[in-house]
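A.B. asks: Letter 9 of the sequence shown, counting from 1, is numbered 8 in numbering that gives the first Met the number 0, and no numbers are missing. Don't be surprised by glycine CBs; every beta carbon is placed ideally from N, CA and C. It should be emphasised that the depicted structure is a prediction, and the values quoted were computed from it without experimental measurement.
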Amino acid sequence: MEMLPYSRHQLFSHLSSDLRKNHLMCSALLNIFPQKKSQLLSFFTSNIVELMMEDGDLEPLFTRIMSFFDQQGLEAFLTVIAGSAQLAAAGNGNVNAMLALIKSAAHRLVSLASILKGSLLLQNFISSFHHSVGDIVVEILQGRFMEFSSKAHANFFVQSCFKVARWRSCLLIALELDAHFHSLVKHPCGNYVLQALIRRYKSEKCPIPLLLLSLITNSRHTLSQDKWGKSVVYVFDA
Numbered sequence: 000m001e002m003l004p005y006s007r008h009q010l011f012s013h014l015s016s017d018l019r020k021n022h023l024m025c026s027a028l029l030n031i032f033p034q035k036k037s038q039l040l041s042f043f044t045s046n047i048v049e050l051m052m053e054d055g056d057l058e059p060l061f062t063r064i065m066s067f068f069d070q071q072g073l074e075a076f077l078t079v080i081a082g083s084a085q086l087a088a089a090g091n092g093n094v095n096a097m098l099a100l101i102k103s104a105a106h107r108l109v110s111l112a113s114i115l116k117g118s119l120l121l122q123n124f125i126s127s128f129h130h131s132v133g134d135i136v137v138e139i140l141q142g143r144f145m146e147f148s149s150k151a152h153a154n155f156f157v158q159s160c161f162k163v164a165r166w167r168s169c170l171l172i173a174l175e176l177d178a179h180f181h182s183l184v185k186h187p188c189g190n191y192v193l194q195a196l197i198r199r200y201k202s203e204k205c206p207i208p209l210l211l212l213s214l215i216t217n218s219r220h221t222l223s224q225d226k227w228g229k230s231v232v233y234v235f236d237a
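(1) Which same chain residues end up closer than 7 Å to Leu211 when comparing Cβ atoms and leaving out the 5 residues on each side of it in sequence?
(2) Applying the criterion that 16 or more other CB atoms from any shown protein chain within 10 Å of the CB defines a buried residue, is Asn190 buried or exposed?
(3) Going by C-alpha to C-alpha distance, which of Ala164, Ile135, Phe147 and Gly142 sits closest to Ala112?
(4) Run through DSSP, which three-state label would Cys160 get?
(5) To which residues of the same chain is His152 closer than 7 Å at the C-beta, ignoring the five residues directly before and after it?
(6) Could you tell me the alpha carbon to alpha carbon distance between Phe155 and Asn217, rounded to whole angstroms?
(7) How many Å lie between Leu140 and Arg219 at the Cα?
(8) Give a yes or no on whether the C-beta atoms belonging to Cys248 and Arg199 are separated by under 8 Å.
(9) Spatial neighbours of Phe180 within its chain, please: CB distance less than 6 Å, with the 5 preceding and 5 following residues excluded, ordered by chain position.
(10) In angstroms, rounded to a whole number, what distance separates the CA positions of Ser230 and Ser182?
(11) For a quick check, are the C-beta atoms of Phe161 and Leu196 less than 8 Å apart?
(12) With a cut-off of 8 Å on the beta carbons, I'd call Ser159 and Ile125 a contact; round off their distance for me.
(13) Would you tell me roughly how many angstroms separate the C-alpha atoms of Ala178 and Val136, rounded to the nearest one?
(14) Taking the alpha carbon of Ser110 as the point to measure from, which residue in Asp69, Glu138 and Asp134 has its own alpha carbon closest?
(15) What is the DSSP secondary structure of Pro208, reduced to helix, strand or coil?
(16) On the criterion of 16 or more Cβ atoms from any shown chain inside 10 Å, does Gly142 qualify as buried, or is it exposed?
(17) Under a three-way DSSP split, which group does Arg167 fall into?
(18) Could you check how far apart the C-beta atoms of Val184 and Leu193 are, in whole angstroms? I think they sit under 8 Å.
(19) For Arg143, which three-state DSSP category applies?
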């Protein structure tokens, strides 16, 4: 296999220096060596922990990297992330870099979360960072709540977000329920997401948003007669 014109150490030295100065230089590497794409992606994957420890605005770089991965490559990359997330969460890495990473993958989240392996990886990733990542993913969910919630494996990913995101962040999702509430109740996957959202509010002993409270209260009789609706009422009353 033909090697890159730099040794691994030299290339990483350039990257480390550039991350502190200008992310554009790092991104440019992917343009300079397009025929070396697989090797460069392998390099980033192998050194993700070191990259996380660098300062600087990494989101543009990660966004660029993400655009080159196919689905299989992205899964492999996130497998490494999931394994090293605990390290960064413990304070040994740049948490902002990890947040930038999940933001940069936003356009791939639906397809990734919709397959079992991808959903499990993302759940692992989120559980390692608790509030920080949970809040950001809830932000990403805005406007796409039904899209995520109605997919078999993605709904577990959404439930994981609700478990760790701050309840104030979850308020943003509650605002979308007005148009989707009854669809969620009757959807096999969405129903569990709705239950998870209600549990999140109740676990914090916070008032359930007025919109959600109104939707459940006004539909209580109808919900109680429905096999899916009963579950929502049960969680609401618990």
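C.D. replies: Reading it off the structure:
(1) Ala173 and Leu176
(2) buried
(3) Phe147
(4) helix
(5) Counting only Cβ-Cβ distances below 7 Å, and skipping sequence neighbours, we find Ala112, Ser113, Ile114, Leu115 and Ser118.
(6) In this structure, the alpha-carbon of Phe155 lies about 28 Å from that of Asn217.
(7) 27 Å
(8) Because residue 248 is not part of the residues shown, which for the chain are 0 to 237, the question remains open.
(9) Leu214
(10) 14 Å
(11) yes
(12) Contact flag correct, Cβ pair sits at about 5 Å.
(13) 21 Å
(14) Asp69
(15) coil
(16) exposed
(17) helix
(18) With 8 Å as the limit, Val184 and Leu193 qualify as a contact, their Cβ atoms being about 6 Å apart.
(19) coil
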